[in-house]
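Remarks on the structure that follows.
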Amino acid sequence: MATWDLSETKHHLFICNGSSCNKAGAEDLTQAVRREISERSLDDVIHTTRTKCNGRCQDKCVLIAYPEGIWYKDLAAHDAADLIDSLVNEARMTNKISHCFDGNGFRRHGDVPVGEFKDRERVKKVSKVL
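Letter 64 of the sequence shown, counting from 1, is numbered 64 in full-length UniProt numbering, and no numbers are missing.
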């Protein structure tokens with residue numbers, strides 16, 4: 001375990017490793033992204049966190065970039081270099097974006113499915129809230 005100094009961090013990537021994303025190659029994606037960051041000596045600039053399900057299983061593999069507030073979809077290990085390039089160059093991988101934060105909420109990008117309405121009982125069941 002480690003407690004990192006994040007004072008130079010400009011980007012924080014949350015990489016979904018929930019069951020649907022894992023079946024689609026999330027561990028390979030996680031390792032490829034981390035390897036790309038390391039090979040470019042960007043460990044101080046880009047921090048990664050492996051997460052459980054982020055609730056967009058249809059978009060697998062999912063990666064969320066902050067502080068940009070961009071949700072990426074359909075990522076694979078071979079996308080790692082382009083992803084890191086986009087962060088370093090302050091660009092966006094527009095063909096892989098599912099949602100962007102616009103100051104008021106997350107807006108769907110392109111033809112991304114809306115998803116299910118989060119009614120209280122469904123959230124309890126899916127989240128396994130007792």
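For every residue, glycine included, the Cβ atom is placed at its ideal position computed from N, Cα and C. Only a predicted model underlies this, so the values are computations on that prediction, with no experimental measurement involved.
Span of the beta strand (DSSP E), counted from its first residue to its last, around residue i
{"i": "Cys-57", "result": "Element bounds for Cys-57: n/a, residue is neither H nor E."}
{"i": "Arg-108", "result": "106-108"}
{"i": "Thr-51", "result": "46-51"}
{"i": "Leu-63", "result": "63-66"}
Alpha helix (DSSP H) segment containing residue i, residue limits
{"i": "Cys-21", "result": "19-23"}
{"i": "Glu-27", "result": "26-39"}
{"i": "Ser-7", "result": "It is not in any alpha helix (DSSP H) - Ser-7 carries neither H nor E in the DSSP assignment."}
{"i": "Ala-2", "result": "That residue, Ala-2, is in no alpha helix (DSSP H); it is neither H nor E in DSSP."}
{"i": "Leu-83", "result": "80-88"}
DSSP beta-bridge partners of residue i
{"i": "Phe-101", "result": "Phe-106"}
{"i": "Phe-71", "result": "The question names Phe, yet the displayed sequence has Trp at residue 71. Ile-64, His-99."}
{"i": "Leu-13", "result": "Thr-48, Ala-65"}
Option in the options with minimal Cα separation from residue i
{"i": "Phe-14", "options": "Pro-67, Met-93, His-109", "result": "Pro-67"}
{"i": "Val-33", "options": "Lys-73, His-78, Ser-20", "result": "His-78"}
{"i": "Pro-113", "options": "Arg-56, His-11, Leu-6", "result": "Arg-56"}
{"i": "Ile-97", "options": "Lys-60, Gly-103, Lys-73, His-12", "result": "Lys-73"}
{"i": "Glu-27", "options": "Lys-60, Ser-41, Met-1, Asp-111", "result": "Lys-60"}
{"i": "Asp-43", "options": "Cys-100, Asp-5, Gly-105", "result": "Asp-5"}
{"i": "Ala-76", "options": "His-109, Glu-8, Leu-29", "result": "Leu-29"}
Exercise. Taking 8 Å as the threshold, find out whether the region 49-62 comes into contact with the region 85-94 through three or more Cβ pairs.
Key: Between the region 49-62 and the region 85-94 there are fewer than three inter-stretch CB-CB distances shorter than 8 Å, so the stretches are not counted as touching.
Quiz item: Okay, do the region 87-103 and the region 20-32 touch, 3+ Cβ pairs below 8 Å being the bar?
Solution: Touching, no.
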